[in-house]
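S.K.: My questions all concern the structure below.
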Amino acid sequence: MIRDITLGQYYPAESILHKMDPRVKLVGTLAFIISLFLFDNVYGYVVATIFLVMTIKVSKVPFSFMIKGLKAIVILMLITVIFNLFLTPGDALVSFWKFTITKQGLRTAVFMMIRLTYLIIGSSIMTLVTTPNNLTDGMEKLMNPLRLIKVPVHEVAMMMSIALSFIPILLEETDKIMKAQMARGADFESGNLINKAKSLVPLLVPLFVSAFRRANDLAMAMEARCYRGGEGRTKMKPLIYHKRDFVAYIVILIYFVGVIMVNYI
Amino acid sequence: MSIIIDHVSYIYSKGNAYENKAISDINLKIEDGEFIGLIGHTGSGKSTLIQHLNGLLKATGGKIYYNGEDIYDNDYNMKKLRSKVGLVFQYPEHQLFEIDVFQDVCFGPKNLGLSKKEVELRAYTALKQVGLADEYFYQSPFDLSGGEKRRAAIAGVLAMQPEVLVLDEPTAGLDPKGCEEILELIVQLRKDTNITVILVSHSMEEVAKYVDRIIVMNQGGIAYDDTPGKVFMNYRELEQIGLSAPQVTYVMNKLHDRGMPVRTTALTVEEAKEEILRVYGRHF
Amino acid sequence: MGIIETKNLVFEYIRRDKDGNADGVVRAVDKVDLDIMHGDFVAILGSNGSGKSTLAKHLNAILYPTEGTVWVDGMDTSENDMMWEVRQTTGMVFQNPDNQIIGAMVEEDVGFGPENMGVETKEIWERVDESLKAVGMIKYRKHAPNKLSGGQKQRVAIAGVVAMHPKCIVLDEPTAMLDPVGRKEVIRTVRALNDVEKITVILITHNMDEVIYANKVFVMENGKVVMQGTPREVFSRVEELEELRLSVPQVTKLAYELNKAGMSLPEGILSIDELVEALCQ
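Protein chains in written order, with this note's numbering: chain A, 352 to 616; chain B, 9 to 292; chain C, 76 to 356.
Written out as structure tokens, the structure reads:
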């Protein structure tokens, strides 16, 4: 299960999406996520689905990769679905004991489920086709104007970039620590909620200690390579817009406008 | 105590594009009191194999019998198996987490549901077995030196009082002083308790010096399973699969190739010295 | 003056007990004098706690001397405004292959150093190409570093340092966490850098078999340099090395034992072939 978390993992391929400027992808993903909450009829979902499917096809990333990320939020989805199913007032469809499923409840639950799914897939695509460094470069460039009001844009971008690249390493470490504690009889599965929480201590303490140690080592390595913040830094892969990026911006705009208009059908 | 591994295979991510046969068709018998060295190139399946011995990984094919019982039987108590087969992972000091060393070593026996008295007795015994002085017991594990941390971590597994001790590269990252201390600890442990030991190692010299039996893994399968002397005779083949032999093995074989009538079975400096003197002795 | 020179170098720190109170002073480096020439391949041997890593961290201004001076290419490392120059002159590669990687792609990681130095984009690419070629990892340029083997990761780390065009590279126990294959790769790369690119190399290690290619070896214990010389000279002092609990390679020990028993083999034998030759005379 731990290996299945695809957020933060880059999938190398030669697609137009991979080559695109990260700023376009960031704006596009943000626009997509916002759009998911802007419509409330079936046509909206149809347009969103078309956009998503097209994007998936163009990305050349196997569909199976994107689905993997959903496993992690299955619980959240289940909770959302159940809440919406049973707690939405309206015309009753099915009743048993004290619980009623309403027509509106079913509709809301299904739409919520689709929204969550698309949200996860959309964000996954962004991290699958963009290297973390590229992503944070994009964020840094987009947030640059904030420097004028003293926001440490570069430092924040650097922190995010490092955090992203350490996700797989820390996940692997969690696996190892879990196994080592299980070899000493630790049980992470059985017991009530309190027991399970307690059983996390032998997992989290070593993990934190390890994370701090790594951070220390990394800081030393960065200083040894003359890192001194954003001042005077040049870029190996400076972000320059190409024609394909402008085309993409137009496509995103058309999609966004389309999704809003569809609300009035 | 006996472990029988019968046609065991393990496939990662079975059924999708990333299917990877980590080990395939392994057949082994481990007897009571043996001291076995498990060697193989990185990726040969050593780590995967040892995680099957205490049930952390479940074989996708084949059976494993501990003392004659099928560990994959529905009624089999896996937790009990983990107390019988102690597994010390690489860099075991990364598992330390408690307020002090003593509490950390108590973690294992506590998980077995033993009485407080028994838990503390086991922890104390284990700490003595790894040679940590009393003054370390109430220190934070994070304040110890690298070698001391490692010994504390090994004590954490010994406190389970296993019948079999499996150590995955217990000397990794230690300096020569530290390596020697850990290996001496293992030898002493065997003397005192006759515990069965499986030592995974990358050092041919280490393995040649201490173990009675060497199992060589290659690409998920077993290439050799014999005494050190016999295994290292195949030093050329071992090189092909990313391993080597102790330096003296090469010396003896090269001397032999040059026409010197030396036996090529020496594995340690002592043995090589004896043999060379025996042959050259006549010349002075 | 050599490229690296230290005079009477002392480094002390305050040891604290578990409540954070001062418990005494530890002298990690005790009056060390070094004079390393341009193009040297120097090895610093010692067990853990001998002070070798602490000494290494003075060579690129990560640590400052408590007493004494360290000069890197004529620059006094304790002068604050020279710090970045010092770090560009002396590059450092550390022990843990995972904890030195910044980039999500090999070439991006190698470019990190030049980016920090403000090198122009075009030149960064040239340097990344040359460095990756020099360590033999050019094929992996677009790979994700965390999927590489330990030895490969370390070679990428070395390339990252080479791309900064340092005059000297310090490697602090670069092979301690690697398997034998990885160790060989790294030592081979380091030798090539010294032989071909003529970069001064300082290798810190506790493995004696890595040291045989150096032209100068320093052995440390308790913060002091207790032995120095060519590998051959140092290796011939088997008893002292064993007292320091350093692991003498089997061939060296064997030659020594044979000599003790009356044979007359040359001193300080370093390799299998040397021993075999000597025995076949």
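All C-beta atoms in this analysis are idealised placements derived from N, C-alpha and C, irrespective of residue type, glycine included.
Using a beta-carbon distance cut-off of less than 7 Å, what residues from the stretch 240–258 of chain C approach chain B?
M.R.: Ala-251, Met-252, Asp-254, Pro-255, Val-256
S.K.: Whose C-alpha, out of C:Ala-353, C:Ser-322, C:Glu-308, C:Leu-321, is nearest the C-alpha of Lys-262 (chain B)?
M.R.: Residue mapping note: residue 262 (chain B) aligns to position 254 of the second sequence, counting from 1. Nearest option by C-alpha distance: C:Ala-353.
S.K.: Determine the chain C residues that contact Gln-255 (chain B) at a beta-carbon separation under 7 Å, and present them in chain order.
M.R.: In the second sequence, counting from the first residue as 1, residue 255 (chain B) sits at position 247. By Cβ distance, chain C contributes Pro-324, Gln-325, Val-326, Ile-347.
S.K.: If you pair each beta-carbon of the stretch 89–104 of chain B with each one of the stretch 526–533 of chain A, do three or more pairs fall below 8 Å?
M.R.: yes
S.K.: Sort C:Val-271, C:Ala-267, C:Ala-118 by Cα distance to Leu-246 (chain C) and report the nearest one.
M.R.: Within the third sequence, the letter at position 171 stands for residue 246 (chain C). Of the candidates C:Val-271, C:Ala-267, C:Ala-118, the one whose C-alpha sits nearest the C-alpha of Leu-246 (chain C) is C:Ala-118.
S.K.: For Gly-63 (chain B) and Arg-565 (chain A), I'd like the C-alpha separation in whole angstroms.
M.R.: Here the question's residue 63 (chain B) lines up with position 55 in the second sequence. Here the question's residue 565 (chain A) lines up with position 214 in the first sequence. Approximately 31 Å, taken between the alpha carbons.
S.K.: Does DSSP put Asp-81 (chain B) in a helix, a strand or coil?
M.R.: Taking the second sequence and counting its residues from 1, one reaches residue 81 (chain B) at position 73. Here DSSP, grouped into helix, strand and coil, assigns Asp-81 (chain B) to coil.
S.K.: Taking Cβ positions only, does Leu-532 (chain A) come closer than 8 Å to chain B?
M.R.: For the purposes of this step, residue 532 (chain A) is identified with residue 181 of the first sequence, where counting begins at 1. Residue identity check: residue 532 (chain A) is Gln in the sequence provided, not Leu. Yes, its Cβ sits closer than 8 Å to a Cβ of chain B.
S.K.: If you draw a straight line from the alpha carbon of Gly-337 (chain C) to that of Val-294 (chain C), how long is it in whole angstroms?
M.R.: Translated into positions along the third sequence, residue 337 (chain C) becomes position 262. Translated into positions along the third sequence, residue 294 (chain C) becomes position 219. So the two alpha carbons sit approximately 28 Å from each other.
S.K.: Hey, does Met-338 (chain C) have any beta-carbon neighbour from chain B nearer than 8 Å?
M.R.: Translated into positions along the third sequence, residue 338 (chain C) becomes position 263. Taking CB atoms only, Met-338 (chain C) has a neighbour in chain B less than 8 Å away.
S.K.: Taking buried to mean at least 16 other C-beta atoms within 10 Å of its own C-beta, is Ala-305 (chain A) buried or exposed?
M.R.: Shown here, chain A extends from 352 to 616; a query on residue 305 (chain A) therefore has no answer.
S.K.: Tell me the DSSP secondary structure of Ala-336 (chain C) in three-state form.
M.R.: Your numbering for residue 336 (chain C) matches position 261 in the third sequence. If DSSP states are grouped into helix, strand and coil, Ala-336 (chain C) belongs with coil.
S.K.: Contact criterion: CB-CB distance below 8 Å. Does Arg-266 (chain B) meet it with respect to chain C?
M.R.: Residue 266 (chain B) sits at position 258 when you count from the first residue of the second sequence. Chain C, which has a Cβ nearer than 8 Å to the Cβ of Arg-266 (chain B), makes this yes.
S.K.: Run down chain B in chain order and give the residues with a C-beta less than 8 Å from the C-beta of Arg-535 (chain A).
M.R.: As a working mapping, residue 535 (chain A) is identified with position 184 in the first sequence. Going along chain B in sequence order, the residues near Arg-535 (chain A) (Cβ under 8 Å) are Arg-90, Gln-103, Phe-115, Gly-116, Asn-119, Gly-164, Val-165, Met-168.
S.K.: Are the C-beta atoms of Glu-143 (chain B) and some chain C residue less than 8 Å apart?
M.R.: Stepping through the second sequence from its first residue, residue 143 (chain B) is reached at position 135. No, its Cβ sits nowhere closer than 8 Å to a Cβ of chain C.
S.K.: Roughly how many angstroms lie between the CA atoms of Glu-106 (chain B) and Arg-221 (chain B), to the nearest whole one?
M.R.: Translated into the one-based positions of the second sequence, residue 106 (chain B) becomes position 98. Translated into the one-based positions of the second sequence, residue 221 (chain B) becomes position 213. Separation of Glu-106 (chain B) and Arg-221 (chain B) (C-alpha to C-alpha, rounded to the nearest whole angstrom) is 37 Å.
S.K.: At a CB distance below 8 Å, what residues from the stretch 408–426 of chain A approach chain B? Give them in sequence order.
M.R.: So the close ones are Pro-413, Ser-415.
S.K.: Can you find a CB in chain B that lies within less than 8 Å of the CB of Asn-123 (chain C)?
M.R.: Mapped onto the third sequence, residue 123 (chain C) falls at position 48. Yes, Asn-123 (chain C) lies at the interface with chain B (some Cβ there is under 8 Å from its Cβ).
S.K.: Do you know whose CA, among C:Asp-105, C:Leu-109, C:Tyr-88, lies nearest Gly-99 (chain C)'s CA?
M.R.: By 1-based counting over the third sequence, the position of residue 99 (chain C) is 24. Measuring from the Cα of Gly-99 (chain C), the nearest candidate turns out to be C:Tyr-88.
S.K.: Are the C-beta of Pro-349 (chain A) and some C-beta of chain B separated by less than 8 Å?
M.R.: In the structure as shown, chain A starts at 352 and stops at 616, and residue 349 (chain A) therefore has no counterpart that could be examined.
S.K.: With a floor of 3 residues, list each beta strand (DSSP E) that falls wholly inside the stretch 113–139 of chain B, ordered by position along the chain.
M.R.: none
S.K.: For Ile-471 (chain A), which residues in the same chain have their Cβ closer than 7 Å to its Cβ, ignoring the five residues on either side in sequence?
M.R.: What you label residue 471 (chain A) is simply residue 120 of the first sequence in a count that begins at 1. Within the same chain, Ile-471 (chain A) has close Cβ partners Gly-420, Leu-421, Ile-424.
S.K.: Taking 8 Å as the threshold (C-beta atoms), are Ile-137 (chain C) and Lys-242 (chain C) in contact?
M.R.: Reading the third sequence from its first residue, position 167 is the one you call residue 242 (chain C). Reading the third sequence from its first residue, position 62 is the one you call residue 137 (chain C). No, the pair does not count as a contact, with Cβ atoms beyond the cut-off.
S.K.: When the cut-off is 8 Å and only beta carbons count, does Tyr-578 (chain A) lie next to chain C?
M.R.: Start at 1 with the first residue of the first sequence, and residue 578 (chain A) comes out as number 227. Chain C has a Cβ within less than 8 Å of the Cβ of Tyr-578 (chain A).
S.K.: Whole-angstrom Cβ separation of Asn-191 (chain C) and Tyr-606 (chain A), contact assumed at under 8 Å?
M.R.: The sequence position of residue 191 (chain C) within the third sequence is 116, counting from 1. The sequence position of residue 606 (chain A) within the first sequence is 255, counting from 1. About 39 Å separates the beta carbons of Asn-191 (chain C) and Tyr-606 (chain A), which is beyond the 8 Å limit, so they are not a contact pair.
S.K.: Using a Cβ-Cβ distance cut-off of 8 Å, determine whether Arg-374 (chain A) contacts chain C.
M.R.: Translated into the one-based positions of the first sequence, residue 374 (chain A) becomes position 23. Interface with chain C (8 Å Cβ-Cβ cutoff): Arg-374 (chain A) is excluded.
S.K.: If you reduce the DSSP assignment to three classes, tell me which class Lys-127 (chain C) lands in.
M.R.: For the purposes of this step, residue 127 (chain C) is identified with residue 52 of the third sequence, where counting begins at 1. Assignment of Lys-127 (chain C) by DSSP, reduced to helix, strand and coil, places it in the helix class.
S.K.: Counting only Cβ pairs nearer than 8 Å, list the residues of chain B close to Val-351 (chain C).
M.R.: To locate residue 351 (chain C), count along the third sequence from 1; it is residue 276. Residues of chain B passing the Cβ test: Val-259, Lys-262, Leu-263, Arg-266.
S.K.: Would you verify that the beta carbon of Glu-332 (chain C) is, or is not, closer than 8 Å to some beta carbon of chain B?
M.R.: For the purposes of this step, residue 332 (chain C) is taken as the residue at position 257 of the third sequence. Yes, Glu-332 (chain C) counts as interfacial toward chain B.
S.K.: Could you check what DSSP says for Leu-321 (chain C) in three-state terms: helix, strand or coil?
M.R.: Here residue 321 (chain C) refers to the residue found at position 246 when the third sequence is read from its first residue. If DSSP states are grouped into helix, strand and coil, Leu-321 (chain C) belongs with coil.
S.K.: If you compare alpha carbons, which of A:Tyr-361, A:Pro-373, A:Tyr-394, A:Leu-436 is closest to Phe-597 (chain A)?
M.R.: On the first sequence, position 246 is the one that residue 597 (chain A) refers to. Minimum Cα distance to Phe-597 (chain A) is reached at A:Pro-373.
S.K.: Buried or exposed for Gly-126 (chain C), going by 16 or more other Cβ atoms inside 10 Å?
M.R.: The residue labelled residue 126 (chain C) in the question sits at position 51 within the third sequence. So Gly-126 (chain C) counts as buried.
S.K.: Which residues, in order along the stretch 205–218 of chain C, keep a beta-carbon less than 9 Å from a beta-carbon of chain A?
M.R.: Going along the stretch 205–218 of chain C in chain order, one finds Lys-217, His-218 with a Cβ nearer than 9 Å to chain A.
S.K.: Report the partner residues of Arg-102 (chain C) according to the DSSP bridge assignment.
M.R.: If you number the third sequence from 1, residue 102 (chain C) lands on position 27. Bridge partners of Arg-102 (chain C): C:Glu-87.
S.K.: Can you give, in chain order, each stretch of the beta strand (DSSP E) that sits fully within the stretch 432–471 of chain A and has at least 3 residues?
M.R.: 443–447, 450–453
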